[in-house]
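Numbering (my numbering), first residue to last: 542 to 751. Cβ atoms here follow ideal geometry from the backbone N, Cα and C, with glycine treated the same way. Here is the structure we will look at, set down as structure tokens.
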């Protein structure tokens, strides 16, 4: 697929690593063009592009920014009407130990309202950058889970196909409103990683008896 990654931080760079490894055509863009260029240069097959028009021709756009920057970042990349946008953001407090939204809305729903016309998917928000960069296999026969929530079936299928192409186990989490559950799950993961000192080589999963 042709995939545009918005963001050149730890998560954006990790996505570029795994997406290029999986054979996708990857463009990366960021507010800091030099940073995007460095990320692209480190990944053969990826290219850095300016924000303007970065979404043109993309099968999917991955929003790898902080929640506070999300809407502006999407508005900067051009026409997104009908475009699949994978939202990985979490509405974290300044100390990363809480959420600024919850119960009656979510970051995903607020982004969808602010950028109407996109096919928004919540996914990858429970995966630390370290885990994403190192790959889906934990080495014990267990794969990292990616929870996917969207009101658009084609968008859900696209996000699932991208996750599976990188080796992740996909769990269908239903409609976009269920981001209200996925974002607190990410908050718990962040607490366990940083607050409880378990580190960032962890990820939540879902198991079922055979």
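Any Cβ of chain D within less than 8 Å of the Cβ of residue i?
i	result
residue 667	The structure shown contains no chain D; it holds only a single protein chain.
Over the uninterrupted alpha helix (DSSP H) stretch that includes residue i, give me the two end residues.
i	result
residue 703	694 to 706
residue 604	Taken as a continuous stretch (DSSP letters only), residue 604 belongs to no alpha helix (DSSP H), being part of the beta strand (DSSP E) at 601 to 604.
residue 562	551 to 562
residue 576	574 to 582
Kindly indicate which three-state DSSP category residue i falls into: helix, strand or coil?
i	result
residue 568	strand
residue 615	helix
residue 685	coil
residue 718	helix
residue 731	helix
residue 610	helix
Confirm, please, whether the CB-CB distance from residue j to residue i is below 8 Å.
i	j	result
residue 662	residue 714	no
residue 580	residue 615	no
residue 724	residue 647	yes
residue 716	residue 692	yes
residue 734	residue 728	no
residue 569	residue 582	no
residue 587	residue 567	yes
Assuming residue i and residue j make a contact with CB atoms under 8 Å, what is their CB distance in whole Å?
i	j	result
residue 742	residue 689	Their Cβ separation, rounded to whole angstroms, is 22 Å, which puts residue 742 and residue 689 out of contact at 8 Å.
residue 593	residue 619	6 Å
residue 686	residue 630	Incorrect: roughly 18 Å between the Cβ atoms, too far for contact.
residue 518	residue 596	With the chain covering only 542 through 751, there is no way to say anything about residue 518.
residue 599	residue 624	7 Å
Please list the terminal residues of the continuous beta strand (DSSP E) segment that includes residue i.
i	result
residue 545	543 to 547
residue 589	587 to 589
residue 710	710 to 713
Requested in this report: Only counting runs of 4 or more residues, tell me where the alpha helix (DSSP H) segments fall wholly within the stretch 624 to 684, in order along the chain.
Outcome: 648 to 655, 670 to 675
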